[in-house]
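Everything on this sheet refers to the single structure shown next.
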Amino acid sequence: MVVSLIAEPITGLVDTAFVARLGAAELAALGVGTVLLSSSIWVFNFLGIGTQTEVAQALGTGDAARGRDACGTAVWVSAAIGVALGLVAWPVLPTLVAWMGARDEVAVAAETYLAIRLLGGPPMLVMMAAMGGLRGVHDMRTPLYIAVGANVVNIALDAVLIFGAGPIPALGVAGAAWATVVAQWGGGLVALAAVRRRLGRPERVDLRDARNLLVVGRDLFVRTSLLITFLLLTTRAATRIGSDAGAAHQAIRQVWLTTALLLDAYAAVAQSLVGTGLGAARIGLARLAAGVATRWAFVSGVAIGAAMLLGESFVAAWLVPESAREVFSAAWRVAALAQPINALSFATDGIHWGARDYRYLRNAMACSTAIGAAGLLLGEWRGTETLLSVWWVTTLWITVRAVFGTVRVWPSWRGAPLRPSNRPIGRADDDQSV
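Start counting the sequence shown at 27; every next residue gets the next number (the numbering used here).
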């Protein structure tokens, strides 16, 4: 699970390293383009999260047909959303890029990158739903093969398309975009075949299933939109400070996303195990999975933070243009020290996904994002905004999320899905003593 989730951000790091050789303006443009695109895609992550939980709980109840149909419906909804996303976003790309603070050559490169990357929207969302279905039946290995294969193709094409080779001209930032689009279409098709083989062909695609998925997605959509809003605000703040700050922020953000998805592996596994446990009315088993995931995530966060501190000079040499290294170091250290707290915020997200506690996560994210956005806007208003202050505010945002996520399980107040007394009447929970 860890390897499958970090495959894509590792490719993002490779993209960053390649584009960094083109210059600070190109790297800043990549940062603007990737954060806008990932924002647009992440708001639909309910397609994977909702599918995984529904399939996992169907597995717990022994209803394979329900899980199969839910996954099939999610795939069709994902394809439709991917097409609609491109049609809506293409006409407003200049406005979006300008809002991010990009100007002149940075804005032109960012618009080019985004216009190409939107072609990969449909397969990217389909892959998200398909992998959710596979993980729901505890198949973590097939998504690994798909993710690694797609990203190996991406890296190989990067080397050719960005700098050119033989008769192929150097496409620069546009080459990085085309490499990703080709890899996404290949990965999406393979994911569809894997779902058909593992879960079987759905007997029907019911509009009621689609409606249920969108109802589940409502709270997740709002939650993820708030998360993305905060990340957009941090990138906007860094870009407004200057191209050096924007380039340094892109390097830190890309590493942060890599570590976040590594930690999210614990969330994804906890989601499946908690969902299956609750589907079988075994709350003790669900709580046990939650505790193990949280402890492992925290220890991993400590290890990641230590590795980031030790590897600062290597990352600076690999990902950061020479002119941006002065503003990079202090912000990098803050991001490293926040990793254990970051681990708790991601692990507890997965626990609540498995419990269908979507509304609580929405409200927790609303609170943390309001606090974080206020901190960023205050720095901008006072004229004291620096890249270091942007990452201190990000750490505050992470901390509020972690606190909300943890207290919902421990001590688990009345009404919480994982409260020990919340088991169905007449069903013995033989795992409670564990």
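Quick reminder that beta carbons are idealized off the backbone N, C-alpha and C, glycines included.
Just so it is clear, the structure is predicted and the values come from calculations on it, not from any experiment.
First and last residue of the alpha helix (DSSP H) that includes D89? As a position in the sequence shown, residue 89 is number 63, starting the count at 1. Here D89 belongs to no alpha helix (DSSP H), and DSSP marks it neither H nor E.
By Cβ distance below 7 Å, which residues in the same chain neighbour G74 in space, the five residues on each side in sequence not counted? Within the sequence shown, residue 74 is the residue found at index 48, counting from 1. Here the set comprises M154, A155, M157 and G158.
Distance CB(L335)-CB(A364) smaller than 7 Å: In the sequence shown, counting from the first residue as 1, residue 335 sits at position 309. In the sequence shown, counting from the first residue as 1, residue 364 sits at position 338. Their beta carbons are not under 7 Å apart, which means L335 does not touch A364 by this criterion.
Collapsed DSSP secondary structure at I188 in the structure displayed: To locate residue 188, count along the sequence shown from 1; it is residue 162. Looking at I188 - three-state DSSP - the assignment turns out to be coil, as it is neither helix nor strand.
Which residue or residues does DSSP assign as beta-bridge partners of I194? Position 168 of the sequence shown, counting from 1, holds the residue named residue 194. Paired residues: A191.
How far does the alpha helix (DSSP H) with P366 in it extend, from its first residue to its last? On the sequence shown, position 340 is the one that residue 366 refers to. That run of the alpha helix (DSSP H) goes Q365 to G380.
Just to confirm before moving on: does the CB-CB distance between V416 and A263 stay below 7 Å? What you label residue 416 is simply residue 390 of the sequence shown in a count that begins at 1. What you label residue 263 is simply residue 237 of the sequence shown in a count that begins at 1. Yes, these two residues count as a Cβ contact at 7 Å.
Does the structure place the stretch 308–320 close enough to the stretch 162–169 that three or more beta carbon pairs sit under 8 Å? no
CB-CB length for I188 against G201, believed under 8 Å: Walking along the sequence shown from the start, residue 188 turns up at place 162. Walking along the sequence shown from the start, residue 201 turns up at place 175. Contact flag correct, Cβ pair sits at about 4 Å.
Same chain only: Cβ atoms within 6 Å of G190, ignoring 5 sequence neighbours per side: Within the sequence shown, numbered from 1, the residue matching residue 190 stands at position 164. Answer for G190: A196, listed in chain order.
DSSP on S438, reduced to helix/strand/coil? In the sequence shown, the residue the question calls residue 438 occupies position 412. Correct three-state label for S438: coil.
Would you please state the rounded distance, in angstroms, between the beta carbons of G212 and V179? I believe it to be under 8 Å. As a position in the sequence shown, residue 212 is number 186, starting the count at 1. As a position in the sequence shown, residue 179 is number 153, starting the count at 1. Rounded, the Cβ-Cβ distance is 6 Å, consistent with contact.
Hey, E80 and A96: beta-carbon distance below 7 Å or not? The residue given as residue 80 occupies position 54 in the sequence shown. The residue given as residue 96 occupies position 70 in the sequence shown. Contact: yes.
Assign D41 to one of three DSSP states: helix, strand, or coil. Numbered from its first residue, the sequence shown carries residue 41 at position 15. It is helical.
Cutoff 8 Å; reference M126; Cβ partners in own chain excluding five residues on either side: By 1-based counting over the sequence shown, the position of residue 126 is 100. Within the same chain, M126 has close Cβ partners V58, V61, L62, A136, L258, T261, R262 and T265.
Smallest Cα separation from G98: which of L253, H378, N389 and G76? Stepping through the sequence shown from its first residue, residue 98 is reached at position 72. Closest option to G98, Cα to Cα, is G76.
Alpha carbon to alpha carbon, how far is L252 from G392? Give it in angstroms, no decimals. Sequence index remark: in the sequence shown, residue 392 carries index 366 (1-based). Sequence index remark: in the sequence shown, residue 252 carries index 226 (1-based). Per the sequence presented here, residue 392 reads as Ala, with Gly not at that position. When rounded, the distance between both Cα atoms is 6 Å.
CA-to-CA distance, S30 to V433, given in whole angstroms: Taking the sequence shown and counting its residues from 1, the one referred to as residue 433 is at position 407. Taking the sequence shown and counting its residues from 1, the one referred to as residue 30 is at position 4. One C-alpha to the other measures close to 29 Å.
In terms of residue numbering, what span does the alpha helix (DSSP H) encompassing E411 cover? By one-based count along the sequence shown, residue 411 stands at place 385. First-last for E411: undefined, no H or E at that position.
Assigned exposure category for D455 - 16 Cβ within 10 Å defines buried: Position 429 of the sequence shown holds residue 455. Caution is warranted here: a pLDDT of 44 is assigned to D455, below 50, making its placement in the model unreliable, and the coordinate value is therefore given only provisionally. Burial call: buried.
Just the C-alpha distance for D41 and L85, rounded to the nearest angstrom, thanks. One-based indexing of the sequence shown puts residue 41 at position 15. One-based indexing of the sequence shown puts residue 85 at position 59. Distance between the alpha carbons of D41 and L85 is about 38 Å.
Under 8 Å: do the stretch 207–221 and the stretch 236–249 share three or more Cβ pairs, one atom per stretch? no
Is it true that the stretch 386–400 meets the stretch 349–360, where meeting means three or more beta-carbon pairs spaced less than 8 Å apart? no
Considering only residues of the stretch 251–289, which uninterrupted beta strand (DSSP E) runs meet the minimum length of 3 residues and lie entirely inside it, listed in chain order? none
So what's N16 in DSSP terms, helix, strand or just coil? Because the chain spans 27 through 460 in this model, residue 16 falls outside it and cannot be assessed.
So for L218, helix, strand or coil by DSSP? Reading the sequence shown from its first residue, position 192 is the one you call residue 218. Here L218 sits in helix by DSSP.
Just how far apart, CA to CA, sit L39 and I278? Here the question's residue 39 lines up with position 13 in the sequence shown. Here the question's residue 278 lines up with position 252 in the sequence shown. Taking the straight line joining both Cα atoms gives about 10 Å.
Is the separation between the beta-carbon of L144 and that of G112 shorter than 7 Å? Start at 1 with the first residue of the sequence shown, and residue 144 comes out as number 118. Start at 1 with the first residue of the sequence shown, and residue 112 comes out as number 86. Going by C-beta atoms, L144 is nearer than 7 Å to G112.
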